[in-house]
Every structure is written in C-alpha cells, then in structure tokens.
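To keep things clear, I will list the structure first and then write my remarks on it.
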Amino acid sequence: MTKAWARHCGCSILPPELLRRIALRGNARQRETALATLATDHTLRLARATYQLLASPQRGLLGVPVAAKRRTVYDAQGHETLPGKVVRTEGARATRDVAVNEAYDGLGATFDFFADAYDRNSIDDEGLPLDATVHYASRYDNAFWNGRQMVFGDGDGDLFNRFTISLDVIAHELAHGVTGDEARLVYLGQAGALNESISDVFGSLVKQYARRQTAAAADWLIGEGLFTARVHGVALRSMKAPGTAFDDPLLGRDPQPSTMAGYVRTSTDNGGVHINSGIPNHAFYLAAIALGGNAWQKAGRIWYETLRDRRLKPTATFRQFARQTVQNAAQLFGATERQAVASAWNEVGIKT
Amino acid sequence: MRIDFRVEGGLAVFPGLAQPLTIDCDALPRPESERLRALVERADFFALPARPRAPRLPDARAYTIAIDDGPQCRTVTVREPIADPALRELVAELRERAASARRAR
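So the protein sequences, as listed, match chains A and B.
Read in order, the letters of the first sequence correspond to residues 1 to 352 in the numbering used here.
Read in order, the letters of the second sequence correspond to residues 1001 to 1105 in the numbering used here.
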C-alpha cells in the first residue's frame, strides 16, 4: 500500500500518517514532497507529525541520502549452502578475489542504474540490501536468483568462465528481483518468457548505462565473456539477432527465435522461457533503435513503467504486455513513440 | 543399477547439453559403483517424492534422476537450491559425471 501511494504523493490529499510513512520510506523526491506537505499544513495534528519526523532516530531523516547501497557479498566456498561466509560488505575495500569484486561492482552498477534512470531505490524500491553469493557449488556453470539473493557459480572452466564476468548477467539476476517485486510474472510459458526478457532488457541497459552507450552503439549481447575460448560463440543470447549467439559442437546452436514465426512450444525450460524470450527481446531492441539515443531513456522507461503497471497480470501473454507498452509509450511520450513501439512488436509478429 | 540423469533450465538453453547422462553402475569399477550406491542410499532416493514442492526460481535448474535397480525403480525431479544435503551430494556427483562425460566427447 505504502509503495503505491508513495509513487503518487505529488498530489497531497493524503492523510498525515501516510505522509509520515512516505517520508520514512520513500525516495528523496517523495520524502521532500511529503515533508513539505507536512510542514506547510498548519493543522496542529500535522505539525506534531512533522516534529516527530524531524526527531525520528530511525533513519537520520533529513541528512542521509535515501538511495543508499547496502551490498554484501558471500562466499559459498564450493558448497551449496546459502548464503555462505561474508567476504565483502558495503564500503569495504576490494578483495583479492575477482569474483567477489565483480559481484560487488555489478550490484553497485545495477543499483545505480535503477536509482539514476528510474529513481528506484533498490530491488523493492524500499532500499532492500543487495546480497550475492559467489563460488556456489563445485565447477557450477550457472547463476540464479533465489527470491532473496543472487547466486553465482565459478563455471566448469572448460566451457564456461565464472558467472560474475558479465555485468549484464549480474543485472539480469537482480532484475528478476525487480520483476518478482512488481509484475510477479509467473515463470512459465509466455509470462515466463516475458519475465526472462525483462531481465535481459534491464541486464543490457545496466551495461549500456555503465558504458554510456547509445542504442546504436550497444552490442545487445547477454553474457559476453562467459564462454571459454574453446566455445564457438560470443554470448548466451543476442537481442539484436536472436538465434546467432552461439553455434558450437558441444553446446549446440542458439535456439532463440526473433519472431512469432519461430515460436517454440516445449515442456522443457519451464515452457521455453529462455527460448521464446528472444521474441520480446528483439521487439525491445527494435523499439530502442527506432526511438534512438540512450535506450534507457525512452524504450527502457516504457518497459519499466509497463513492468510496474497494475494492469499487467502475472499471467500476461506477449500480446497483453505489448499492448501495455504501446499505451504507456503514448502516455509517457506521444504519438511518434507509440508508433515506434507498435511497429517494433509488429515486426516480431505481435499485433497490438 | 542404472541411473539416468537429465538437467533442465538454467540461465540459458544449450541444446547440446540436453542429452541425458546414463550410468550403468554394474559396468563401473567397483569403488565407483559402491560410491554411487552409497549416495543413492543416503539420499533415501526410492522414498523421495517424485515432484518437488519447491517454487520455480528464475534461472535455477531442475534435475531429473531416474534409477532402475531391479525391483526398485523411481524417477525424481528436484529443483535447486536443494535443501537436503544427501540429495544435494548425489546431484553434485551426477553433475560432475555429466561434465566429465561431456569433456570426453
């Protein structure tokens, strides 16, 4: 409740208790608005609430910036017990362990991206501490989000390098946390493929933002650097050209379609969530290129607002999601942007 | 005893890795076969539920293990992270064997 209200606290007909909660838990701008509202209203009740806030010991209300990172990196030391041993906390110096530092920096880059680009305070928009575990299991070639934290394996060293090597993979995992907090898209079928695609979208945007790259300059690859030199492939996926990221005697060929004509019906991979995500991935790429400039500013914003849109159901289909992005493009920007987003979906075979 | 091991899910789909691993324990050197039998026994494999009650976590894997041991025969799917340490050990062993088989190919 607080969160939904806090987002719209610019209009001040909110009761003081709510304003107080916004001031305590909102982001910098929301807090400022809430405090200003509390302070300028001259009813006795509001004045009292204001003084309580100013005196609140809880979060050093007026001094501390709200969007503060709280990162912890753990080491599972080759075991599968989570979270493992604490090896680096917020503000601590770099360690000698490259995976630890990559995880720490990746968490930071992702946090900064969401804070700067969308004014989002961490995964839950309420400053959730960010936790990651590295060296999970033995020669483990995967990374996942367990609902609370990120988990990274070292790779088998044969086909895969350590999974912290790609910033977009770290951001991909964190974005699963954002989706879990907002749209809660079920991890199955089309909704699951949307869930995956959103993680690739923001994974790629975090990397683009960190490199200050425009849509046209970006590589649109997910997981570049993950493969060892012996693998014939550049990355796990390509948003620009789904289906072309790898073609290797051992790994096989990148199975991602770029349009609905290639949609794969399967019972494996939770109904092909990492396969059919190629379709919305490519739609995002096309929209971002058409809208030009930095992808996070227009295309990313439209996708982000759609992810937070109450009308988006956890069981959303590609088409439902697509329609929502088209509406949000019109609402946020205008007719030109609306047309660009609709064309992008149309090009991948989804009529909006 | 025959073990079929299949890995599904994960951060990306690799069609080449979808091939299940089959282990014929009777064809293995004795210490290896005994080690596998001990892991299966410790995990109390034939008493495990066939399907996990665990949620589908993003990018996490599911492992399907089918074991045929004469009168006893069972197929179990588990999702990671695996809570039971004994089962975790069995899956880790099978995962390692699958990787070795892959390297040998």
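Every residue gets a Cβ at the ideal spot worked out from N, C-alpha and C, and that includes glycine.
Here the structure is a predicted model, which is why all the values come from computation and not from measurement.
Considering only residues of the same chain and omitting the five flanking positions on each side of residue i, which have a CB-CB separation below 8 angstroms?
i	result
A/T266	G272 and I275
A/V326	R338, V341, A342, W345 and T352
A/L226	G155, F160, N161, F163, I165, S166, V169, A235 and L236
Determine the burial state of residue i: buried for a count of at least 16 other Cβ atoms within 10 Å of its Cβ, exposed for fewer.
i	result
A/T89	exposed
A/T110	buried
A/Q208	buried
A/P249	exposed
A/T336	exposed
A/H282	buried
B/Q1072	exposed
B/A1038	exposed
A/Q77	exposed
B/T1022	exposed
A/H135	buried
B/E952	Any property of residue 952 of chain B remains undetermined from this structure, which presents chain B solely from 1001 to 1105.
A/P65	Caution is warranted here: a pLDDT of 49 is assigned to A/P65, below 50, making its placement in the model unreliable, and the coordinate value is therefore given only provisionally. Flag for A/P65 reads exposed.
B/A1027	exposed
B/A1050	exposed
A/G223	buried
Name the chain C residues that come within less than 7 angstroms of residue i, Cβ to Cβ?
i	result
B/E1008	Of the protein chains in this structure, namely A and B, none is chain C.
Would you say residue i lies against chain B (beta-carbon separation less than 9 angstroms)?
i	result
A/P57	Summary for A/P57: the model assigns pLDDT 42, below 50, so the residue's position carries little reliability, and this model does not support an answer.
A/H176	yes
A/D41	Reliability fails at A/D41, whose pLDDT of 46 lies under 50, so the model's placement of it is uncertain and the value that follows must be treated cautiously. Not one chain B Cβ lies under 9 angstroms of A/D41.
A/H172	yes
A/G180	yes
A/G189	no
A/L167	no
A/F284	no
A/G272	yes
Are the C-beta atoms of residue i and some chain A residue less than 9 angstroms apart?
i	result
B/E1032	no
B/G1070	no
B/F1014	yes
B/A1099	yes
B/R1053	no
B/L1057	yes
B/R1074	no
B/L1028	no
B/I1023	no
B/L1039	no
B/L1020	The residue you asked about is not Leu; residue 1020 of chain B is Pro in the sequence shown. With 9 angstroms as the cut-off, B/P1020 does not count as an interface residue toward chain A.
B/L1017	yes
Just confirm the distance between the C-beta atoms of residue i and residue j, as a whole number of angstroms; I'd bet it's less than 8 angstroms.
i	j	result
A/A287	A/V341	5 angstroms
A/V151	A/T179	Not really, about 17 angstroms apart at Cβ, beyond 8 angstroms.
A/P255	A/Y263	That belief does not hold up - the Cβ atoms of A/P255 and A/Y263 are roughly 12 angstroms apart, past 8 angstroms.
May I have the straight-line CA-CA distance separating residue i from residue j, to the nearest angstrom?
i	j	result
B/P1020	B/Y1063	10 angstroms
A/A171	B/I1065	32 angstroms
A/G153	A/W345	35 angstroms
A/L205	A/Q331	22 angstroms
A/S197	A/G278	7 angstroms
A/A99	A/T164	6 angstroms
B/V1091	A/A175	28 angstroms
A/A215	A/F333	18 angstroms
B/F1014	A/A245	11 angstroms
A/L251	A/F113	33 angstroms
A/D156	B/D1024	24 angstroms
B/A1104	B/A1098	10 angstroms
A/R354	B/E1096	Since the first residue shown for chain A is 1 and the last is 352, residue 354 of chain A is missing from the structure and cannot be characterised.
A/H232	A/A295	29 angstroms
A/L221	A/A229	17 angstroms
A/E173	A/D200	9 angstroms
A/T81	A/R148	14 angstroms
A/G91	A/D97	16 angstroms
B/V1007	A/N142	12 angstroms
With respect to 8 angstroms, is the separation between the Cβ of residue i and the closest non-hydrogen atom of the ligand GTP below this value?
i	result
A/N294	Summarising the ligand content, the structure contains no ligands, and the ligand GTP is consequently not present.
So, at 6 angstroms on beta carbons, what are the nonlocal neighbours of residue i in its own chain, with the 5 sequence-adjacent residues on each side left out?
i	result
A/L130	R71 and L107
A/E102	T164
B/L1087	A1043
A/G84	Y74, D75, A76 and T133
B/D1068	R1002
Note down, in chain order, each residue of its chain lying with its Cβ closer than 7 angstroms to the Cβ of residue i, except the 5 sequence neighbours on either side.
i	result
A/M260	I279, V348, G349 and I350
B/F1046	Q1072 and R1074
A/G177	I123 and W145
B/G1009	A1060, R1061 and A1062
A/V86	T72 and Y74
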